[in-house]
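Under the working numbering, the sequence shown is numbered contiguously, ending at residue 788. Written below as structure tokens is the structure these notes are about.
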Amino acid sequence: MVVEADGTVGDVKVIDSGGPFEAAAVDAVRTYRFTPASRAGKPLRARIRAVVAFSPPQDTHAPAVDDGSPAAAGDGGNPGASPEAAPAAREEIEEVRVSGRRETQSPTEHRLGRAEVRVLPGAFGDPFRAIDVLPGVVPIVSGLPYFYIRGAPPSAVGYYIDEVRVPYLFHFGLGPGVVQPALLEEVSLHPAAFPARFGRFAGGIVAGQTRDPDGALLGEAQIRLYDAGAYVETPFANGRATVGIGGRYSYTAGLLSLFVPGLTIDYRDYNARASYQLDERWRASILTFGSFDYASQVEDGVEQVFFASEFHRVDMRFDRRGADGSTSRVAATLGFDRSRLEGSRFAQSILTGVRGRHGWPLGPKLDVEIGVDLQAENYTGDLPNRYAVRPRDYEQAVTLFAPRVETVSGAWASAVYRPYPGWEITGTLRGDAFTSAGKSALGPSPRVSARIPVARKVAFLAAMGIAPQAPAFAIPVPAVGYRGLPGGLAFAYQKSAGAELQLPLRFSLRAVGFHHSYFNLRDFSRNGESMDLNDTQIAASSPTQAYGLETFLSRKLSERFSAFSSFTLARAEIGATLTEPRSVSPFDRTYVFQIGGVADLGRGWRASTRLLTYGGWPKQSADGLTGGGRLPAFYRIEARLEKRWTLQKERWISLVLEGLNVTGSKDVIGTRCEEGVGCSNQSIGPIIVPSLGVEAGL
Numbered sequence: 091m092v093v094e095a096d097g098t099v100g101d102v103k104v105i106d107s108g109g110p111f112e113a114a115a116v117d118a119v120r121t122y123r124f125t126p127a128s129r130a131g132k133p134l135r136a137r138i139r140a141v142v143a144f145s146p147p148q149d150t151h152a153p154a155v156d157d158g159s160p161a162a163a164g165d166g167g168n169p170g171a172s173p174e175a176a177p178a179a180r181e182e183i184e185e186v187r188v189s190g191r192r193e194t195q196s197p198t199e200h201r202l203g204r205a206e207v208r209v210l211p212g213a214f215g216d217p218f219r220a221i222d223v224l225p226g227v228v229p230i231v232s233g234l235p236y237f238y239i240r241g242a243p244p245s246a247v248g249y250y251i252d253e254v255r256v257p258y259l260f261h262f263g264l265g266p267g268v269v270q271p272a273l274l275e276e277v278s279l280h281p282a283a284f285p286a287r288f289g290r291f292a293g294g295i296v297a298g299q300t301r302d303p304d305g306a307l308l309g310e311a312q313i314r315l316y317d318a319g320a321y322v323e324t325p326f327a328n329g330r331a332t333v334g335i336g337g338r339y340s341y342t343a344g345l346l347s348l349f350v351p352g353l354t355i356d357y358r359d360y361n362a363r364a365s366y367q368l369d370e371r372w373r374a375s376i377l378t379f380g381s382f383d384y385a386s387q388v389e390d391g392v393e394q395v396f397f398a399s400e401f402h403r404v405d406m407r408f409d410r411r412g413a414d415g416s417t418s419r420v421a422a423t424l425g426f427d428r429s430r431l432e433g434s435r436f437a438q439s440i441l442t443g444v445r446g447r448h449g450w451p452l453g454p455k456l457d458v459e460i461g462v463d464l465q466a467e468n469y470t471g472d473l474p475n476r477y478a479v480r481p482r483d484y485e486q487a488v489t490l491f492a493p494r495v496e497t498v499s500g501a502w503a504s505a506v507y508r509p510y511p512g513w514e515i516t517g518t519l520r521g522d523a524f525t526s527a528g529k530s531a532l533g534p535s536p537r538v539s540a541r542i543p544v545a546r547k548v549a550f551l552a553a554m555g556i557a558p559q560a561p562a563f564a565i566p567v568p569a570v571g572y573r574g575l576p577g578g579l580a581f582a583y584q585k586s587a588g589a590e591l592q593l594p595l596r597f598s599l600r601a602v603g604f605h606h607s608y609f610n611l612r613d614f615s616r617n618g619e620s621m622d623l624n625d626t627q628i629a630a631s632s633p634t635q636a637y638g639l640e641t642f643l644s645r646k647l648s649e650r651f652s653a654f655s656s657f658t659l660a661r662a663e664i665g666a667t668l669t670e671p672r673s674v675s676p677f678d679r680t681y682v683f684q685i686g687g688v689a690d691l692g693r694g695w696r697a698s699t700r701l702l703t704y705g706g707w708p709k710q711s712a713d714g715l716t717g718g719g720r721l722p723a724f725y726r727i728e729a730r731l732e733k734r735w736t737l738q739k740e741r742w743i744s745l746v747l748e749g750l751n752v753t754g755s756k757d758v759i760g761t762r763c764e765e766g767v768g769c770s771n772q773s774i775g776p777i778i779v780p781s782l783g784v785e786a787g788l
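Have a look at this one:
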């Protein structure tokens, strides 16, 4: 439960099921009053655990028996008087039903809450930028928000905000996330066997969950060296409704023009939400957000635009919580994506979608959910004059930008079985149907996962699943995709097993071995030295596989003193073809290791640091194959120092000094050899992001 600063109980989540007593336990807990936690004499919110025990009532009143005899005389000998009712009979019974979200114990999911993200160095308080601390996430280049997940390329990773699909989560380059941190409750990484409501991606799912309306005035604001942002939310209609609005604006373009004339990097975003509690069961809400990015370079008086994109989403939904513990959602989404192509040509798409799901408990040990969703996307693009370009270039433009309508529909059924305390076995049957330009394909997606305690503080974890995906561009770009499902669907076969241990000092350790196989999945060129992002990559790569071990050791970062360490030891391989042997993927990194810590120094001071290091890419031989050793390894250090002043109640203001890659390390991405000169490393960077800012909240 969350104990608020005034001692009342806020959010309540059931961790270990008490069967039919859950509702009564939650009801009782909400009436508790505590002496709030404090730091430096100031009350603050705290999350605690408590056990609610039940005992059978002692019945001291025997039930009355009607034997047909005349009523006994009451006071004064009045024969018509009735005997005094027993105290239990006089009590007026008030029925109270409370439902809450049961905390998942998924064997594949990694979660990061807002309190943890806020203190993570190098994340700049952004939940989405914090996911690279998790195991299984392999960056392409240090600092850039594109990564492989268990060997799957960026195009195979799906991004969702409140179940709404978005083309990307980050602003261009090293920019922050596209949603204000104050609106997000947590971010989750699903590397395999995703929840049933997610699908259509072979590599993994990154999902952001917005927090529930609080019913109280709240807000946060940040002013940093390169941007400013804020979010504020307030209740109205006697607390039944809330409305919130926020956004971010970057003044990087103006700063860069002072130091690098001709270079422009500009981004901005907006977020808004409104909700209304229709009755004790139903709530209506609308969420809208959007993002804009523009990056260009002027050379010889000509502006070269290398990224210009925007997207917008509006999601309207009705949510219901039933008295029996059931939950339902019906929602509709409208979206618009746009990207600038060469010159003044644009590609755009309009997205419409509807979805619905209903979950309910079939007893204390079994939960069931069913759902459907449908999306239609209308693509349009500005094609070049067919006589002004080469025939091959025109054919590529038609493949990517010709007008078309694509649809994808899915249905699923999922069940979570908890036969004993701590057990959680999840089975999912999902299927998706894809259509594009007269072509169609069906993608089945069964999944199963299990978490089984084998000792008091040890649990066995396992997961298996199949994940289909339509042909996708190498890097996610709004409104850019393949027409007509060329080559058919890609499939991933996901398998993992491991263990989770609860250690002393409230540390936890998760170790998981995995093996993923990918078929018909489009990726970058087999030869990393000749990678061309303009290549349409129509031909799918040969079968690939990734296997390895992931470990994650952590103590909650919201603790006064905490630490974490993640380690990924993996190998990604490309299968053989008729002309080329099996080889290591040109973007394979043998290991990724991180270690960091957070310390509350007292008097409002908090410091944190993190070390990241990973192995280099395989070197490319003259024939374009890997196997000639590795490029140099990379390491960088992040640091964060915060001084917070608490004003009154939950109002605060902070001064934050933070730096990404304070060591100034360069990332080696290749080698260049010249006759008579020798070979030299090609590197990017150093990519250094310093940040000095002021944050405030209420």
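Each residue gets a CB set at the ideal place from its N, CA and C atoms; glycine is no exception.
Reducing DSSP to helix, strand and coil, say where D356 ends up.
D356: strand per DSSP, three-state reduction.
Indicate the three-state DSSP secondary structure (helix, strand or coil) for A152 in the structure shown.
Here the model assigns A152 a pLDDT of 46, short of 50, so the residue's position is not dependable and the matter cannot be decided.
Rounded to whole angstroms, what is the Cα-Cα separation between V99 and I743?
The straight-line gap from Cα to Cα measures roughly 25 Å.
Looking at C-alpha atoms only, which residue of V92, E112, V779 is the closest neighbour of A413?
With distances taken between Cα atoms, A413 lies closest to E112.
Can you tell me the Cα-Cα spacing of S530 and I230, whole angstroms?
Distance between the alpha carbons of S530 and I230 is about 33 Å.
Using a Cβ-Cβ cut-off of 6 Å (strictly less than) and excluding sequence neighbours within five positions of T680, which residues of its own chain qualify?
So the qualifying residues of the chain are G705.
Identify every residue that forms a DSSP beta bridge with G687.
DSSP lists A653, T699 as partners of G687.
What whole-angstrom Cβ distance do Q710 and P676 have, given they're in contact under 8 Å?
Contact holds; Cβ gap of about 7 Å.
Using the rule of at least 16 other Cβ atoms within 10 Å of the residue's Cβ for burial, across every protein chain shown, is F396 buried or exposed?
By the neighbour-count rule (16 or more Cβ atoms within 10 Å), F396 is not buried but exposed.
Can you find the residues in the same chain that come closer than 6 Å, C-beta to C-beta, to T423, ignoring five residues on each side of it along the sequence?
Around T423: V254, D405, G443.
Give me the Cα-Cα distance between Y572 and G294, rounded to the nearest whole angstrom.
Going by the C-alpha atoms only, they are around 20 Å apart.
With a threshold of 16 other CB atoms inside 10 Å of the CB of Q312, please say whether the residue is buried or exposed.
With 16 or more other Cβ atoms within 10 Å, it is buried.
At 4 residues or longer, and completely inside the segment 194-242: list those alpha helix (DSSP H) runs for me, N to C.
Fully enclosed alpha helix (DSSP H) runs of 4 or longer: 204-208.
Count the other CB atoms within 10 Å of the CB of F326; is the residue buried (16 or more) or exposed (fewer)?
With fewer than 16 Cβ atoms within 10 Å of its Cβ, F326 is classed as exposed.
Is it the case that the segment 218-228 contacts the segment 279-296, given that we only count it when at least three CB pairs across the two stretches are under 8 Å?
Yes, the segment 279-296 is in contact with the segment 218-228.
Considering only DSSP beta bridges, list what T518 is partnered with.
T518 is bridged to S504, R537.
Who pairs with D548 in a beta bridge, going by DSSP?
Just to set this straight, residue 548 is Val in the shown sequence, not Asp. V548 is bridged to A545, L591.
Would you kindly report the start and end of the unbroken beta strand (DSSP E) that includes V119?
Where V119 is concerned, there is no enclosing beta strand (DSSP E), although the alpha helix (DSSP H) it sits in stretches over 112-120.
Roughly how many whole angstroms lie between the Cα atoms of V92 and K103?
Rounded to whole angstroms, V92 to K103 spans 9 Å at the Cα level.
Quick check: A421 and R403, are their CB atoms within less than 8 Å of each other?
It is not a contact, given that the beta carbons lie outside the stated cut-off.
For L441, which residues from the same chain have a beta carbon less than 6 Å from its beta carbon, with the 5 sequence-adjacent residues on both sides left out?
Closer than 6 Å at Cβ, skipping near neighbours: G425, E467.
Please report the straight-line C-alpha distance between G787 and L234, rounded to a whole angstrom.
Roughly 29 Å between the two C-alpha positions.
Please check the pair T470 and P493, which I expect to be a contact at CB under 8 Å, by giving their CB distance rounded to whole angstroms.
Rounded, the Cβ-Cβ distance is 5 Å, consistent with contact.
Should P536 and G555 be called a contact, given that it needs their Cβ atoms to be closer than 8 Å?
Yes, these two residues count as a Cβ contact at 8 Å.
For R137, which residues of its own chain have a beta-carbon under 6 Å away from its beta-carbon, when the five flanking residues on both sides are left out?
Result list for R137: V92, in chain order.
To the nearest angstrom, how far is it from the Cα of I335 to the Cα of A523?
C-alpha separation (whole angstroms): 36 Å.
Under 8 Å Cβ to Cβ from Q387, same chain only, skipping five residues before and after it: list those, please.
So the list reads G352, L353, T354, E393, Q394, F396, once near-sequence residues are dropped.
Check whether the segment 595-605 and the segment 579-587 are in contact - that is, three or more C-beta pairs closer than 8 Å.
Counting Cβ pairs under 8 Å, three or more are found: they touch.
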